[in-house]
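Peer 1: Residues in the sequence shown are numbered consecutively from 14, following our numbering.
Think of the CB as a built atom: it goes at the ideal place given N, C-alpha and C, for glycine as much as any other residue.
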Amino acid sequence: MKHNQVFLENGLQLIIAEAHTSPVVSAWIWYRVGSRNEHRVPTGLSHWVEHMLFKGTERYPKGAIMRMVSQRGGYVNAMTGQDFTAYYATIASEHLDLVLDYEADRMTGAAFDPGEVESERSVILSEREGGENEPGLVLSEEVAATAFHRHPYRNQPIGWRDDLLRISREDLYAYYRSFYRPSNAVLVIVGDVDTDVTTARVRELFGPLPDARAAAPAVPEEPQQAGERRLRLRLPGAASLLEVGYHAPEAAHPDFVPLTVAAALLTGGRAVYSFSSGQSRSARLYQALVEGELASSADCMYHPTLDPYLFSLGATVRQDVRPEKVEEALLREIERLQTTPAPQDELAAAIRQTQARLAYSCESVTSQALTLGFAEMVDRVARVETIMDQVSRVTPEEVMRVSRAYLSEDRRTVGWFIPEENGCAQSGSAPAQHRSRRRVWAFTGEPSEPLPAGVIRAELDNGITVLMRPRHTSPAVALAGRVPFGAYLDTDDTAGLTSLTSSSLRRGTRAHTFQELNRTLDSVGASLTFSTGHDELSVGGRCLSDDLDLVISLLSEMLAEPVFPEREVAVLQGQLLTSLAESDRDTGYRAHIAFIERLYPTGHPYGRPISGTAETVRAFTRANLLAQYLGHMHPSGMVLALVGSLDPDAAYAALNARLGSWKPACNAPSWASGVLALPETRLCHRVEIPAKPQISLMYGVLSMPRHSEDYYAAVVANAILGELGMMGRLGATIRDERGLVYDIESSLYANHAQRYWSISAGAAAESLDQTVDAIEHELGLMAQSPVSAEELADAKSLLIGSLPLYLETNDGIASYLLSTEIYGLGPDHLLRYPELIGTVTPEDVQRVMQRYWPEGRAVITAAGSLGAKAEG
């Protein structure tokens, strides 16, 4: 990434990269302060200070920054890591001056009002409790605290609970004054800007800021570990978790690059300066543990840090497996790295994956700014220009050398989470989403041009609709598709069958085994994914432009020629059963499943978990999956969108030659939901889950179909309720003013049938009833009185102005094209959208709130450690 670098007289470092593909800019200000600096001070200070910078200055009162950026359709947030705290905004480039102005103001002018400090204490404690709900995060926290005895890397950015209870306003303000100054900051600007003009403006705004240059307190070095350390946690849970952490070098160390390649061999390549982990199915850990039927998931994380940290491996143990077998298999893979040179083709694939991930990360100005700033925080920004060349030159011998040097028994800490036996109120929820095991940062929260001309629409010989948009901003192509093969095809007795069938599509075809498909895709850093919704099978893919023909060929095989190998179906079934068991202890999903079961009538597809239940999944056979596929999978109604560095003629020819000949014997499936009604009275249900201090709450009603005349008014109403500024009216009152929750949001879902309009929140058990009352109060206000002209204008500006940000990446454009086709919005929808939103009136907003949120008829569910509050 080409960039320019300037240092102001007061020490501020400025990094600018011009990118004129869209009228968008992403501005980040990075401070060299994180949990690494919390030595001899309470833990959690860095993260709490980050929260306080949104609580106001003399010029920008509390809430003003979030509101003003939202008014202009932008996105603003912040994060705290081990080595840094970063504040960022992505917005139309014409509004960059606003971002620069408020960042200059709050660098030295944050208020730290005592009342706001106390209000934020309960918010941060709630955030910590949310992390304590996740066994993987609890285990990672304990592994770090065991691996490090002196260095502050032993503490997570969120901080320990005891410290959070005693931190004072004076602690926070003194810490802020110590680290928030020009010479400790790096301003990164990427986007549609002029370097000279922007540099001059930065000098005007930041140049006058005083800088009290002071050396940061020395961070204690960690003594060399002299032997293996072990810990075992026994808490309520569903699956055993393993984490093994080895002390490993910092990002600036020469051995960081070969160890990064070692991590890629274990779990796949990733963008180096990011928080992602590899996800290759042909990589060693996946093959040994997941394909070996020992674990349902496995990963390796080696993120760049300023000081030496951990090279970590982890796994979720399958229910029918002894945990010791997983550890033995994992350690065998470490020994293999140390003793056997990696085959050249395997090493080349790992390197190619890393190169591809970097290309994907360059699509948006937001991710480019993240990459540049991250590199400067942990090393130096110039490394971005050379890191891939260094990766490409790593040899098998270097991988062996660094594996022997760093991944030794004496340097490792082994942590186990062993679930206690516990009673759960009910089972059968959908699998919990994968969560990163380690929280190495803490978020307080992607957004480009209206779609230009050049979208090509065509049909293949079998009727599949293809939408293509050439876009040569990076050498990558994104693919998004929809097949009308959804969970609506299931019954109560076969819940999860369609989802398992869809997941099995890539487990083997007539021409390739599952392993061959994985190796082929991984060797070029490409991906193909399938996910099942209630109404559809969604297809996703990414590749470099040179590999598009290959990806099209493999996608066609998976859709038209799957063979459902007996062993692969059994492996997938076992993984799903482990995930379902974990879901029984996931508060968010338990609340969600309880919610949809009560919102929809018995037997309605939307009221069933897409992935089924342990009972239904355990009963499926290969014959069931094959029958479901042969009876219902059909290209009729399929839509495919391709965006990126492609030749439309060549892409169409490849698609038609391979996918256009797919003509199955079955009839095209169809389904239509009748008109649904809300329950006559409010329905409440609470699910008790032991050892889950944060309660997940869902509060909601039925929504309208996507084609309803109420849809755009509801979109505006939802923005006012839960999106505008920081979480809309709900966030302003329930989070900011009353401190009852850490997070709260409203979500409007609409498609061809009635989905739902819901509010979700995380709250402590003792504040649950107050939270519900506060939600109902805000809903009542919006139904009783028209919103103000100012609030309405702000919501419209947010919705209209955010469109360019959504269309910044190939993925975003492909997703948008898919929606316009599926819902029949028309090729001019983007041009009409400002008018569709702009004509909504205060009376329209009031009308949809009255119609869809009638008093006393919502469905309310909560899951967690409710104690005496549990019922039903």
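For a quick check, are the C-beta atoms of P317 and D423 less than 8 Å apart?
Peer 2: Not a contact, by the Cβ cut-off of 8 Å.
Peer 1: What is the DSSP secondary structure of P618, counted as helix, strand or coil?
Peer 2: Residue state, collapsed to three classes: helix.
Peer 1: With a threshold of 16 other CB atoms inside 10 Å of the CB of S544, please say whether the residue is buried or exposed.
Peer 2: With fewer than 16 other Cβ atoms within 10 Å, it is exposed.
Peer 1: Is D312 buried or exposed, if buried means 16 or more other CB atoms sit within 10 Å of its CB?
Peer 2: Label assigned to D312: buried.
Peer 1: Out of curiosity, what's the CA-to-CA distance linking D358 and D756?
Peer 2: Their backbone Cα atoms lie some 46 Å apart in a straight line.
Peer 1: Are S683 and A766 closer than 8 Å when you measure CB to CB?
Peer 2: No. Outside cutoff.
Peer 1: Between the C-alpha atoms of P677 and H647, what's the straight-line distance to the nearest angstrom?
Peer 2: Straight-line Cα distance between these residues: approximately 6 Å.
Peer 1: Exposed or buried, which one is G869 when buried takes at least 16 other CB atoms within 10 Å?
Peer 2: Answer is exposed; the Cβ neighbour count stays below 16.
Peer 1: Going by C-alpha to C-alpha distance, which of S878, S135, R523, I104 sits closest to G87?
Peer 2: The shortest C-alpha separation from G87 is found at I104.
Peer 1: Hey, is the segment 290-300 in contact with the segment 216-223, meaning 3+ C-beta pairs nearer than 8 Å?
Peer 2: With a cut-off of 8 Å, the segment 216-223 and the segment 290-300 do not count as touching, because too few Cβ pairs lie within range.
Peer 1: On a Cα-Cα basis, can you pick out the residue from F633, S48, G128, Q588 that is closest to A158?
Peer 2: Closest by alpha carbon: S48.
Peer 1: Evaluate the contact criterion for the segment 42-59 versus the segment 190-207: three or more CB pairs, one atom per stretch, below 8 Å.
Peer 2: Flag = yes, the segment 42-59 and the segment 190-207 touch.
Peer 1: Suppose you measure from the CA of V584 to the CA of G281; what does that come to, to the nearest Å?
Peer 2: Roughly 21 Å separates the two Cα atoms.
Peer 1: Quick check: G873 and Y712, are their CB atoms within less than 8 Å of each other?
Peer 2: Contrary to the premise, residue 873 reads as Ile rather than Gly in this sequence. Yes, they are a contact pair.
Peer 1: Compare the Cα-Cα distances from N168 to each of P483, T533, P336, D96 and report the closest residue.
Peer 2: It is D96.
Peer 1: Can you check the segment 850-881 for any alpha helix (DSSP H) of at least 4 residues that lies completely inside it and give the ranges in chain order?
Peer 2: Taking only runs of at least 4 residues, the alpha helix (DSSP H) segments lying wholly in the segment 850-881 are 855-865.
Peer 1: On the CB-based measure, 16 or more other CB atoms within 10 Å of its CB, does F67 come out buried or exposed?
Peer 2: Classification for F67: buried.
Peer 1: Under DSSP, the alpha helix (DSSP H) around G587 begins and ends at which residues?
Peer 2: Taken as a continuous stretch (DSSP letters only), the alpha helix (DSSP H) holding G587 covers 579-596.
Peer 1: Looking at the structure shown, is E758 part of a helix, part of a strand, or coil, going by DSSP?
Peer 2: Here E758 sits in strand by DSSP.
Peer 1: Which residues in the same chain as R635 place their Cβ atom closer than 6 Å to its Cβ, once the five residues preceding and following it in sequence are excluded?
Peer 2: F577, E579, V582.
Peer 1: Going by alpha carbons, who is nearest to L326 out of A261, P706, D548?
Peer 2: Closest option to L326, Cα to Cα, is A261.
Peer 1: Am I right that A40 and V112 are in contact with their C-beta atoms under 8 Å? What's the rounded C-beta distance?
Peer 2: Indeed they touch by this definition, with Cβ atoms about 5 Å apart.
Peer 1: I believe L710 touches L761 by the beta-carbon criterion, under 8 Å. Please report the beta-carbon distance rounded to the nearest angstrom.
Peer 2: So it is not a contact: roughly 18 Å between Cβ atoms.
Peer 1: Excluding the 5 residues preceding and the 5 following G204 in the sequence, name in chain order all residues of the same chain whose CB lies nearer than 7 Å to its CB.
Peer 2: The residues are A32, V37, V38, S39, S106, V378.
Peer 1: Thinking C-beta only, is F498 closer than 8 Å to H617?
Peer 2: Against a cut-off of 8 Å, the Cβ pair of F498 and H617 comes out as no contact.
Peer 1: Count the CB pairs spanning the segment 769-787 and the segment 828-845 that are closer than 8 Å, and state whether there are at least three.
Peer 2: The segment 769-787 is not in contact with the segment 828-845.
Peer 1: Which partner residues does I42 have in the DSSP bridge list?
Peer 2: DSSP lists Y100, L200 as partners of I42.
Peer 1: Can you tell me the Cα-Cα spacing of R345 and T533, whole angstroms?
Peer 2: Distance between the alpha carbons of R345 and T533: 25 Å.
Peer 1: For T286 and A388, which I take to be in contact (beta-carbon distance under 8 Å), what is that distance rounded to the nearest angstrom?
Peer 2: Before going further, note that residue 286 is Tyr rather than Thr in the sequence given. With a Cβ gap of about 5 Å, Y286 and A388 count as contacting.
Peer 1: How long is the line joining the alpha carbons of P409 and R283, rounded to whole angstroms?
Peer 2: Approximately 19 Å between the Cα atoms of the pair.
Peer 1: Is the number of C-beta pairs between the segment 725-735 and the segment 854-870 that are closer than 8 Å three or more?
Peer 2: Yes, the segment 725-735 touches the segment 854-870.
Peer 1: Hey, how far is the Cα of I813 from the Cα of T211?
Peer 2: Each residue's Cα considered, the two are about 26 Å apart.
Peer 1: Whole angstroms are fine: how far does the CA of A827 sit from the CA of H698?
Peer 2: C-alpha separation (whole angstroms): 39 Å.
Peer 1: Look at the alpha carbon of G122 and the alpha carbon of A229, and state the distance between them as a whole number of angstroms.
Peer 2: Using only the alpha carbons, I get a separation of about 21 Å.
Peer 1: Comparing C-alpha positions only, which one of I477, T486, R611 sits nearest to S569?
Peer 2: Here the closest residue by C-alpha is I477.
Peer 1: Leaving out five residues before and five after F269 in sequence, what residues of the same chain have Cβ atoms less than 6 Å from its Cβ?
Peer 2: Here the set comprises P262.
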